[in-house]
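Asker: One structure follows; several queries about it will come next.
Numbering (the working numbering), first residue to last: 1 to 392.
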């Protein structure tokens, strides 16, 4: 498995461990407490990680390459040991417990199937190492293959299956011994787009049916938003934000999360004034907008984030947060269009419009949006930098 390695983000306390997910009624099923991981004693791949996973939850660790998400999964699996901090499973520390004693199922991007074994033999392997009786093995393997609709392929070798079928075999193998926790590391990364979307539905259906706890790693936001109860967005070795897919998309807490989750327009400017929950921003290149103030101060540089579907087009120059623009292109996507609007400053904005929109290139328009649909973030609160520590 690959390792993510990056400098750490500032410490993030994720707050209520069960917000947005299943209720455990107390301590989390999985707990990371002040966990850090360094490979050289100076640069940290994961820093000050505090995270609680509820029993039965589908939690996704989402982030760019090098953000720390895979290192976090590897520590939970037992492939890596934390430099400091504690990881618990069902209240028991697993820091010194080898992987085979953790009762964890694993699904990898490359399937990790044994090429010389049949489908049934691959699925039966976790049971054989647990010395399960022959009759019980046959029964469990049959049920597991039925779950992924591959009973009829039991005699085949992995090379005789499609990529999607091989991944379903890997899923059956991870679930056959009824683990308390299943870890998935980029399991759909090798599949094409259509098959990937189909497998997202299948994995979520299996999660709903079995109620097993799943921790899933991906860099693909669509996977995270489609399947998860909650998503932990990683950046620079720490959690930038933790919440439900709706929370992350509609109420991002930083410009990084706003840009990483979904499509986003970003306007640069300077905060003129802050009044309660809102602020007024003078935009670079002319014009101004009102926006929700997310940690900004008067006189400071900021980024204003606006989703394409929140922008409105009108022929006249009026309305809330009205900015003069010119149509500069159109992308037809079937059920909607992406219209490109060039502001007088030269910046392009993407606006989501219906398929019936007929505005042509060069046509003057006004782009507007409600202040509550704009979020102003500090300009210097982006990706952050690496933090080095001397070894203890």
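Backbone N, C-alpha and C fix where the C-beta goes; we use that ideal spot for every residue, glycine too. This structure is a prediction, so every number in the text was calculated from the model and none was measured.
Taking the alpha-carbon of residue 144 as reference, which of 161, 124 and 156 has the nearest alpha-carbon?
Answerer: Counting from 1 along the chain shown, the entry for residue 144 is found at position 144. Measuring from the Cα of residue 144, the nearest candidate turns out to be 124.
Asker: Within the continuous alpha helix (DSSP H) that includes residue 249, where are the two ends?
Answerer: In the chain shown, residue 249 corresponds to position 249, counting from 1. Residue 249 -> alpha helix (DSSP H) spans 245 to 250.
Asker: From this set, 261, 244, 299 and 277, which residue's C-alpha is nearest residue 270's C-alpha?
Answerer: Within the chain shown, numbered from 1, the residue matching residue 270 stands at position 270. When only C-alpha atoms are compared, the closest one is 299.
Asker: In this structure, how does DSSP classify residue 125 when only helix, strand and coil are distinguished?
Answerer: Taking the chain shown and counting its residues from 1, one reaches residue 125 at position 125. In this structure, residue 125 counts as helix in the three-state DSSP scheme.
Asker: For residue 183, count neighbouring Cβ atoms within 10 angstroms of its own Cβ and tell me buried if that reaches 16, exposed if not.
Answerer: Working through the chain shown from its first residue, we reach residue 183 at position 183. That one is buried.
Asker: On a CA-only basis, which of 80, 259 and 251 is nearest residue 35? Give me that one, please.
Answerer: One-based indexing of the chain shown puts residue 35 at position 35. Ranking 80, 259 and 251 by Cα distance to residue 35 puts 80 first.
Asker: Please go through the same chain and pick out, in chain order, the residues whose beta-carbon is closer than 6 Å to the beta-carbon of residue 284, but skip the five residues on each side of it.
Answerer: In the chain shown, counting from the first residue as 1, residue 284 sits at position 284. Contacts found: 268 and 269.
Asker: Could you have a look at residue 341 and say whether DSSP puts it in helix, strand or coil?
Answerer: Working through the chain shown from its first residue, we reach residue 341 at position 341. Of the three classes helix, strand and coil, the one that applies to residue 341 here is strand, per DSSP.
Asker: When burial is assigned at 16 or more other CB atoms within 10 Å of the CB, is residue 273 buried or exposed?
Answerer: Here residue 273 corresponds to residue number 273 of the chain shown, with the count starting at 1. With fewer than 16 Cβ atoms within 10 Å of its Cβ, residue 273 is classed as exposed.
Asker: So for residue 226, helix, strand or coil by DSSP?
Answerer: What you label residue 226 is simply residue 226 of the chain shown in a count that begins at 1. Looking at residue 226 - three-state DSSP - the assignment turns out to be helix.
Asker: Tell me where the alpha helix (DSSP H) around residue 259 begins and ends.
Answerer: Locating residue 259 in the chain shown gives position 259, where the first residue counts as 1. Where residue 259 is concerned, the enclosing alpha helix (DSSP H) stretches over 255 to 260.
Asker: Between the stretch 321 to 338 and the stretch 358 to 374, do at least 3 Cβ pairs fall closer than 8 Å?
Answerer: Judged by Cβ distances under 8 Å, the stretch 321 to 338 makes contact with the stretch 358 to 374, as three or more pairs qualify.
Asker: Would you give the residue range spanned by the alpha helix (DSSP H) that residue 313 belongs to?
Answerer: As a working note, residue 313 is residue 313 in the chain shown. First-last for residue 313: 312 to 314, but that is the beta strand (DSSP E), not the alpha helix (DSSP H).
Asker: Closer than 8 Å is the cut-off here; do at least three beta carbon pairs connect the stretch 33 to 53 with the stretch 192 to 200?
Answerer: Not touching, per the Cβ criterion.
Asker: Where in the stretch 342 to 370 do unbroken runs of the beta strand (DSSP E), each at least 3 residues long, occur, reported from the N-terminal end onward?
Answerer: Runs found: 348 to 353 and 364 to 368.
Asker: Would residue 335 pass as a contact of residue 355 if the rule is Cβ separation under 8 Å?
Answerer: Counting from 1 along the chain shown, the entry for residue 335 is found at position 335. Counting from 1 along the chain shown, the entry for residue 355 is found at position 355. Yes; because the gap between Cβ atoms is below 8 Å, this pair is in contact.
Asker: Would you identify the three-state DSSP class for residue 268, choosing helix, strand or coil?
Answerer: Taking the first residue of the chain shown as position 1, residue 268 is located at position 268. Here residue 268 sits in strand by DSSP.
Asker: Please go through the same chain and pick out, in chain order, the residues whose beta-carbon is closer than 6 Å to the beta-carbon of residue 216, but skip the five residues on each side of it.
Answerer: Here the question's residue 216 lines up with position 216 in the chain shown. Only 60 and 184 meet the Cβ criterion.
Asker: Just mark residue 203 as buried or exposed, buried being the case when its beta carbon has 16 or more other beta carbons within 10 Å.
Answerer: Translated into positions along the chain shown, residue 203 becomes position 203. That one is buried.
Asker: Could you tell me which whole alpha helix (DSSP H) segments of length 4 or greater appear in the stretch 26 to 94?
Answerer: Here the runs fully enclosed are 69 to 77.
Asker: I believe residue 237 touches residue 47 by the beta-carbon criterion, under 8 Å. Please report the beta-carbon distance rounded to the nearest angstrom.
Answerer: Numbered from 1 along the chain shown, position 237 holds the residue referred to as residue 237. Numbered from 1 along the chain shown, position 47 holds the residue referred to as residue 47. Contact holds; Cβ gap of about 5 Å.
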